[in-house]
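Asker:
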Amino acid sequence: MQSMVAVTYVVDIDTSRAFYELLGFREHSAGRAATSAWLALQQNGHLVVLASTRPPLGIPRLPLLFYFFFDDVDAVTGALKTAGVEVTPMGHPPHALGGEAKVLDPDGNTVLLGQRERSASQPPAADDVASPRFSLLKEAAALVEARGGTTAACQVNDVHKTPCQKKAEVKLADSEGSTVWACLAHADDILVMVPGAFIVSQDDKGIARFLSRRRG
Ligand SMILES: [Zn+2]
33 MQSMVAVTYV VDIDTSRAFY ELLGFREHSA GRAATSAWLA LQQNGHLVVL ASTRPPLGIP
93 RLPLLFYFFF DDVDAVTGAL KTAGVEVTPM GHPPHALGGE AKVLDPDGNT VLLGQRERSA
153 SQPPAADDVA SPRFSLLKEA AALVEARGGT TAACQVNDVH KTPCQKKAEV KLADSEGSTV
213 WACLAHADDI LVMVPGAFIV SQDDKGIARF LSRRRG
């Protein structure tokens, strides 16, 4: 194979052109006929052709339309945000150590943007901060801290079976009644690996209190 061209049918070429220009594409060539039009956009030798028909084709939205890799994904997402496009950070998966973000194209299809390697100027991956799970953990930890904190150490061993030396910040439980005090990183591990685990609320007075009230 010599090269590859991606073609996507869009409802409105001009609207889609504006979106793909935010991603760095520029017009390569274009054509128009009575019932169809197309616009080839290029960037560093990569072509995306936007095509439309009249009447428009009834194409369902796709779970993933394109995955584009960039040298500097933050610059691209910055331009998108400035233009009012909603950008959802997707963390730093192994295939995009420099970061991944999700946007919707004007037709509602998912377009993923990634950066394969982390650049030297990027701060350490802050996935933890971005994930809703981790922000719940931080809220729970703040509540523990507000109630005087804990002197307990994290009760989780690391993968080498060495006890974690960090200060415990949150308490987790499961439906079997097991509980563990853990540092934020290990609490996050547990929430990911143990489907039934949950954060113990510090506001909760507990089942024992409820039962004792019923006993008078
Ligand atoms: Zn720990």
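Just so you know, the sequence shown maps onto residues 33 to 248 in the numbering used here. Virtual Cβ for every residue (Gly too), placed ideally from N, Cα, C.
(1) What's the C-alpha gap between aspartate 190 and glycine 131?
(2) Count the other CB atoms within 10 Å of the CB of leucine 112; is the residue buried (16 or more) or exposed (fewer)?
(3) Go through the region 178 to 243 residue by residue and report every complete run of the alpha helix (DSSP H) that reaches 4 residues or more, in order.
(4) May I ask you to verify whether the region 137 to 149 touches the region 99 to 106, counting CB pairs closer than 8 Å and requiring at least 3?
(5) Have a look at valine 202 and histidine 192 and give me their C-alpha separation to the nearest angstrom.
(6) Please report how far the alpha carbon of phenylalanine 98 lies from the alpha carbon of alanine 38, in whole angstroms.
(7) If you draw a straight line from the alpha carbon of leucine 168 to that of glycine 140, how long is it in whole angstroms?
(8) In this structure, does DSSP put proline 121 in helix, strand or coil?
(9) Checking the sheet assignment: what are the DSSP bridge partners for glutamate 59?
(10) Just to confirm my understanding: we take histidine 218, look at its own chain, exclude 5 residues before and 5 after, and list those with CB closer than 7 Å. What are they?
(11) Enumerate in chain order the residues of its own chain whose CB-to-CB distance from valine 119 is below 6 Å, with the five nearest sequence positions on each side excluded.
(12) Quick one: Cα of glycine 90 to Cα of aspartate 44, how far?
(13) Around the C-beta of alanine 173, are 16 or more other C-beta atoms found within 10 angstroms, so that it is buried, or is it exposed?
Answerer: Working from what's here:
(1) Distance between the alpha carbons of aspartate 190 and glycine 131 is about 26 Å.
(2) The residue is buried, with at least 16 neighbouring Cβ atoms inside 10 Å.
(3) 216 to 225, all fully within the region 178 to 243.
(4) Touching, per the Cβ criterion.
(5) It is roughly 22 Å from the alpha-carbon of valine 202 to the alpha-carbon of histidine 192.
(6) Cα to Cα, phenylalanine 98 sits roughly 9 Å from alanine 38.
(7) Near 30 Å, if we compare the C-alpha coordinates of glycine 140 and leucine 168.
(8) Three-state result, proline 121: strand.
(9) Checking the DSSP bridge columns, you'll see glutamate 59 partnered with Leu73.
(10) Taking histidine 218 as the centre and dropping the five residues before and after it, the same chain places the C-beta of Cys186, Val188 and Cys196 closer than 7 Å to its C-beta, in chain order.
(11) Cβ contact annotation for valine 119 (same chain, cutoff 6 Å, sequence separation greater than five): Thr109, Leu112, Lys113, Ala133 and Val135, in chain order.
(12) Across the structure, glycine 90 and aspartate 44 are spaced so that their CA atoms are roughly 13 Å apart.
(13) Sixteen is the threshold: when 16 or more other Cβ atoms of the shown chains lie within 10 Å of the Cβ of alanine 173, as they do, the residue is buried.
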